[in-house]
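Peer 1:
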Amino acid sequence: KNEVEQSPQNLTAQEGEFITINCSYSVGISALHWLQQHPGGGIVSLFMLSSGKKKHGRLIATINIQEKHSSLHITASHPRDSAVYICAVSIIQGAQKLVFGQGTRLTINP
Amino acid sequence: EAGVAQSPRYKIIEKRQSVAFWCNPISGHATLYWYQQILGQGPKLLIQFQNNGVVDDSQLPKDRFSAERLKGVDSTLKIQPAKLEDSAVYLCASSIGRVEAFFGQGTRLTVV
Numbered sequence: 200k201n202e203v204e205q206s207p208q209n210l211t212a213q214e215g216e217f218i219t220i221n222c223s224y225s226v227g228i229s230a231l232h233w234l235q236q237h238p239g240g241g242i243v244s245l246f247m248l249s250s251g252k253k254k255h256g257r258l259i260a261t262i263n264i265q266e267k268h269s270s271l272h273i274t275a276s277h278p279r280d281s282a283v284y285i286c287a288v289s290i291i292q293g294a295q296k297l298v299f300g301q302g303t304r305l306t307i308n309p
Numbered sequence: 014e015a016g017v018a019q020s021p022r023y024k025i026i027e028k029r030q031s032v033a034f035w036c037n038p039i040s041g042h043a044t045l046y047w048y049q050q051i052l053g054q055g056p057k058l059l060i061q062f063q064n065n066g067v068v069d070d071s072q073l074p075k076d077r078f079s080a081e082r083l084k085g086v087d088s089t090l091k092i093q094p095a096k097l098e099d100s101a102v103y104l105c106a107s108s109i110g111r112v113e114a115f116f117g118q119g120t121r122l123t124v125v
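Here it is as structure tokens:
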């Protein structure tokens, strides 16, 4: 079992829908990252969370440390939001270690 | 603050050729990571440096991959010779302390 699991693996929705992508992890972490990867492969860091909730534009990220779970929400989704969304956690094992989920491929149709 | 810089952004080579990628982490970041992301999968750690020392290279295919971090700053990742299955995005990340991590935009390698 992977230390970081994302769901769903693939998600297709219509423009304007509210999107939720989930990330669960099984180890103690110091932080959780949400990343966005576009078809060309470039990666953009969206959020880094260690507790609570963060909002940036139409994107909202939440984390529940007790339940070892985080969600990324997109409100009023748009075709330009189509990308792979990756969850990564910072694990303390002596030196810091970053572990990635497998990614969620999101497609927003007009 | 400047981010993690990687170059090139894209590279196409023939199998059995050599290729090198470069990463310039954020100034002062002691930890540097190289990841390989094959299409449809999450990134997999290849090597982790703490300053110029290797912390973890257990998943680095050492028969063809090598990496160095000169003076604990910039890093290069080399593949020699490349195979078709090396086609992937190579992602560099850096961190300071034990919480924040910053990611480069990645280098997309295509081996034909």
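Top line first, the protein sequences correspond to chains R and C. Position one of the first sequence corresponds to residue 200 (this note's numbering), numbered consecutively onward. Position one of the second sequence corresponds to residue 14 (this note's numbering), numbered consecutively onward. The beta-carbon is built from N, C-alpha and C at its ideal position, and this holds for glycine as well. A quick note: this is a predicted structure, and the numbers were derived from the prediction, not measured.
What is the rounded straight-line gap between the Cα of I26 (chain C) and the Cα of Y284 (chain R)?
Peer 2: Cα-Cα distance, rounded: 28 Å.
Peer 1: Would F299 (chain R) and P56 (chain C) qualify as a contact pair, given that the criterion is a beta-carbon distance under 9 Å?
Peer 2: Yes, they are a contact pair.
Peer 1: For the candidate residues C:S88, C:Q54, C:L52 and C:G53, whose alpha-carbon lies nearest to that of Q61 (chain C)?
Peer 2: With distances taken between Cα atoms, Q61 (chain C) lies closest to C:S88.
Peer 1: Could you give the first and the last residue of the continuous beta strand (DSSP E) run that contains V102 (chain C)?
Peer 2: Segment A101 to S108, the beta strand (DSSP E) holding V102 (chain C).
Peer 1: What residues from chain C crowd round Q235 (chain R), counting only those whose CB sits closer than 7 Å?
Peer 2: Per Cβ cutoff of 7 Å: no residues; Q235 (chain R) is ~10 Å from chain C at best.
Peer 1: From the DSSP output, in three-state form, read off K24 (chain C) for me.
Peer 2: The answer is strand: DSSP assigns K24 (chain C) an E or B state.
Peer 1: From what residue to what residue does the beta strand (DSSP E) around E204 (chain R) run?
Peer 2: Where E204 (chain R) is concerned, the enclosing beta strand (DSSP E) stretches over V203 to S206.
Peer 1: Can you give me the C-alpha to C-alpha distance between K296 (chain R) and L210 (chain R), rounded to a whole angstrom?
Peer 2: When rounded, the distance between both Cα atoms is 28 Å.
Peer 1: Taking only the alpha-carbon atoms, compute the straight-line gap between V32 (chain C) and S289 (chain R) and give it to the nearest angstrom.
Peer 2: If you take the alpha carbons of V32 (chain C) and S289 (chain R), they lie about 29 Å apart.
Peer 1: At 8 Å on the CB atoms, spell out the chain D contacts of L73 (chain C), in chain order.
Peer 2: Reference to chain D is not applicable here, since the protein chains of this structure are R and C.
Peer 1: Consult DSSP for E98 (chain C) and reduce its assignment to one of helix, strand or coil.
Peer 2: Correct three-state label for E98 (chain C): helix.
Peer 1: Give the straight-line distance between the Cα atoms of S164 (chain C) and A287 (chain R), rounded to the nearest whole angstrom.
Peer 2: A question about residue 164 (chain C) goes unanswered here, because the residues of chain C that appear run from 14 up to 125.
Peer 1: At what residues does the beta strand (DSSP E) containing K253 (chain R) begin and finish?
Peer 2: Residues G251 to H255.
Peer 1: Between the Cα of R279 (chain R) and the Cα atoms of R:K253, R:I307 and R:G302, which residue gives the shortest distance?
Peer 2: Of the listed residues, the one whose Cα sits closest to R279 (chain R) is R:I307.
Peer 1: Expressed to the nearest angstrom, what Euclidean distance is found between the alpha-carbon atoms of Y23 (chain C) and L97 (chain C)?
Peer 2: The straight-line gap from Cα to Cα measures roughly 16 Å.
Peer 1: Could you confirm whether any beta carbon from chain R is found closer than 9 Å to the beta carbon of L104 (chain C)?
Peer 2: Judged by the 9 Å Cβ criterion, L104 (chain C) is in contact with chain R.
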